[in-house]
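Chains as they are written, first to last, in UniProt numbering: chain A, 1 to 331; chain B, 1 to 331. I have placed the structure first, in the form of structure tokens, so that the comments after it can refer back to it.
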């Protein structure tokens with residue numbers, strides 16, 4: 001996730017700087033840039049370059065400045081406003097699909113600001129179909145039906161999730177249990193069903209790229225994968241594939257972990273790894289293999305063209321893990 | 001003040017109805033209308049007809065819907081959003097000049113919602129020059145300097161208010177004391193001075209229209225005026241003129257009250273009263289004088305062309321009082 005912080009006052013800039021430091025610790029966040037003053041012009045310039053834009057300023061300035069820039073709830077970045085005394089942090093635009101609500105909660109956690117979320121499902125303690133899809137990296141085909149499904153759900157209706165795959169792990173999610181049921185389906189894709197209406201859903205491919213020192217055993221690797229997924233607030237079951245570089249072909253730990261977890265393991269050729277543009281760069285690995293980060297490159301390669309990292313390289317005890325998701329925009 | 005309430009969900013509509021009932025008790029509020037669904041189209045239709053628009057809905061819906069309608073902070077209505085569980089009420093647009101912040105606080109008071117105000121002066125416990133002007137019904141000529149003055153004030157600067165009139169009563173206002181000083185001036189208008197910069201200010205004319213039964217004494221009338229002004233969160237000193245109908249020329253109470261308070265008293269001809277379009281209509285008064293409300297008509301007439309009621313007829317113990325303010329938009 002790439003985040004822009006915008007401020008107009010001295011105290012706003014101070015908050016921006018503190019927030020940048022804190023947000024940069026989050027392995028899901030790859031870049032945090034600070035902009036000061038010239039709000040309107042800056043927004044026009046950077047609007048499409050960031051996943052989230054956080055304005056430390058009065059609501060009115062932000063609203064008036066983004067008006068000409070908003071296009072579509074499926075494409076617009078998350079827009080968040082925090083007052084420049086840090087009292088409230090408010091999710092403004094793209095609450096669900098753009099992740100503004102989650103980021104608002106994270107910022108509230110990192111600071112002493114109170115989160116303000118106004119989307120109807122959330123204020124009534126429900127998980128809308130768009131929030132569900134966002135959380136588990138599912139693509140929704142017919143987004144025009146989201147409002148109808150969410151409204152029914154607020155009225156107490158249960159939505160059936162019909163899937164060819166085992167999605168039992170979703171029941172560990174309290175908000176899921178409240179509004180959804182699961183049914184085994186025959187079709188290849190997932191369907192959310194409400195009476196005679198349905199929403200078509202495709203899970204994106206979630207790939208964990210793994211790099212290890214020699215001789216790391218499977219328990220440690222499984223533990224590392226669990227930790228990595230938990231950063232994304234996901235259970236290990238959601239993972240689709242484990243990927244690593246061809247130089248790890250002899251590593252029993254990875255091979256056994258893949259077998260135990262029943263997740264396919266892909267070894268990526270060094271030449272393919274070298275083609276990927278990684279976020280993390282280790283000069284040691286770079287010198288040895290010509291790759292910035294083996295785990296990131298492997299994850300990106302297996303997640304395919306148009307994929308993106310959602311967890312940058314994180315290291316635990318001799319293991320480095322990154323997570324990539326396949327192209328999300330096209331159904 | 002005319003207020004529009006907009007909702008999209010069932011629970012939003014329920015909140016609208018409760019809010020309408022509560023807001024209608026406020027004598028500063030003359031009309032509260034409820035609209036449900038079709039947010040974008042409704043807003044386009046009603047945007048210029050209301051002083052304040054309150055959306056009981058997710059922030060994103062409101063922001064996306066007003067984008068094409070906003071023009072200028074001196075003209076746009078106050079825009080407020082409340083989530084449809086009534087947890088937060090958020091001042092969005094026209095916080096100061098449009099009064100959105102004050103209305104947000106009032107709604108929070110009337111409900112269990114927490115107010116969210118993001119304007120920099122307010123979150124830092126200061127009263128900006130625009131908020132000061134709004135509160136005391138002053139017109140600001142050079143609004144382009146507001147930001148500069150407010151920023152200085154946030155940095156701890158003191159702004160000098162130079163006035164030909166005695167404005168000592170402002171010192172009862174704690175927020176005023178914090179950031180302003182008063183100086184006796186020679187010029188006819190008020191000036192806010194910061195170093196070599198100045199903002200020109202003209203107070204609007206504030207007129208209390210009074211109607212009484214026969215023989216009401218001055219103490220009661222003064223008490224009534226105090227109460228009326230306190231609804232506007234103003235001290236009695238801010239009042240410019242007392243107005244009543246010519247049929248009250250023999251009423252000692254009003255005449256003495258005017259003398260004691262040192263506020264000029266104007267008697268308005270019946271024919272002039274009849275020309276005013278009052279908000280309140282008493283069929284008794286209508287039958288007797290051909291006027292809907294003597295106090296409202298007198299206040300409006302003396303406040304002049306383009307004036308408006310800011311407090312509709314309120315009755316206390318045989319006295320009816322309304323307050324009008326002279327034209328605010330033109331300096």
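In this text, a Cβ means the ideal position worked out from N, Cα and C, and glycines have one as well.
Rounded to whole angstroms, residue 263 of chain A and residue 197 of chain A show a C-alpha spacing of 33 Å.
No Cβ-Cβ contact shorter than 8 Å links residue 156 of chain B with residue 216 of chain B. Here residue 154 of chain B is near residue 124 of chain B, since their CB atoms are less than 8 Å apart. Within the same chain, 6, 53, 65, 66, 69 come within 8 Å of residue 43 of chain B by CB-CB distance, once the 5 residues on both sides are set aside. In this chain, the alpha helix (DSSP H) harbouring residue 225 of chain A covers 218-231. Assigned with DSSP and collapsed to three states, residue 31 of chain A falls in strand. A Cβ-Cβ separation of about 7 Å places residue 305 of chain A in contact with residue 327 of chain A under the 8 Å criterion. Under the three-state reduction of DSSP, residue 175 of chain A is assigned to helix.
For residue 316 of chain A and residue 120 of chain B, the gap between their C-alpha atoms comes out near 43 Å. Taking the beta carbon of residue 39 of chain B as reference, no residue of chain A falls within 8 Å; the closest one sits roughly 12 Å away.
In this structure, the CA atom of residue 160 of chain A is about 6 Å from the CA atom of residue 182 of chain A.
From the listed residues A:278, A:199, A:279, A:135, the smallest Cα separation to residue 144 of chain A is found for A:199. Interface annotation, residue 239 of chain A: not in contact with chain B, CB-CB separation never under 8 Å.
For the pair residue 282 of chain B and residue 312 of chain B, the CB atoms are not nearer than the 8 Å cut-off.
In this structure the stretch 81-90 of chain B does not touch the stretch 126-136 of chain B; the number of beta carbon pairs closer than 8 Å is below three. The criterion of a C-beta distance shorter than 8 Å is not satisfied by residue 291 of chain B and residue 241 of chain B. Across the structure, residue 236 of chain A and residue 186 of chain A are spaced so that their CA atoms are roughly 24 Å apart. Interface residue (Cβ-Cβ distance to chain A less than 8 Å): residue 59 of chain B is classified as such. Within the same chain, Cβ atoms closer than 7 Å to the Cβ of residue 73 of chain A are found at 94, 97, the five residues on either side in sequence being excluded.
The beta carbon of residue 32 of chain B lies closer than 6 Å to those of 3, 20, 23, 24 in the same chain, with the five residues before and after it left out. Comparing alpha-carbon positions, the option among B:278, B:277, B:294 lying closest to residue 285 of chain B turns out to be B:294.
Rounded to whole angstroms, residue 204 of chain B and residue 244 of chain B show a C-alpha spacing of 19 Å.
The beta carbon of residue 104 of chain B sits no closer than 8 Å to any beta carbon of chain A. Residue pairing of residue 210 of chain A in beta bridges, as defined by DSSP: A:321. It is roughly 29 Å from the alpha-carbon of residue 256 of chain A to the alpha-carbon of residue 202 of chain A. For the pair residue 12 of chain B and residue 56 of chain B, the CB atoms are nearer than the 8 Å cut-off. Residues of chain B with a Cβ closer than 7 Å to the Cβ of residue 128 of chain A do not exist, since the nearest Cβ in that chain sits about 11 Å away. A straight line joining the alpha-carbon of residue 223 of chain B with that of residue 27 of chain B spans about 17 Å. Between residue 138 of chain B and residue 190 of chain B, the C-beta spacing is below 8 Å. For residue 260 of chain B, the number of other beta carbons within 10 angstroms of its own is below 16, and it is reported as exposed.
Measuring C-alpha to C-alpha distances from residue 166 of chain A to each of A:142, A:135, A:109, A:238 identifies A:238 as the nearest. The alpha-carbon separation between residue 37 of chain B and residue 15 of chain B amounts to approximately 14 Å. Of the candidates B:220, B:232, B:226, B:277, B:220 places its Cα closest to the Cα of residue 251 of chain B. In the structure shown, residue 312 of chain B adopts extended strand secondary structure according to DSSP, grouped into three states.
In terms of Cβ geometry, residue 116 of chain A and residue 90 of chain B form a close pair [threshold 8 Å].
Our two residues, residue 308 of chain B and residue 149 of chain B, have alpha carbons roughly 29 Å apart in a direct line.
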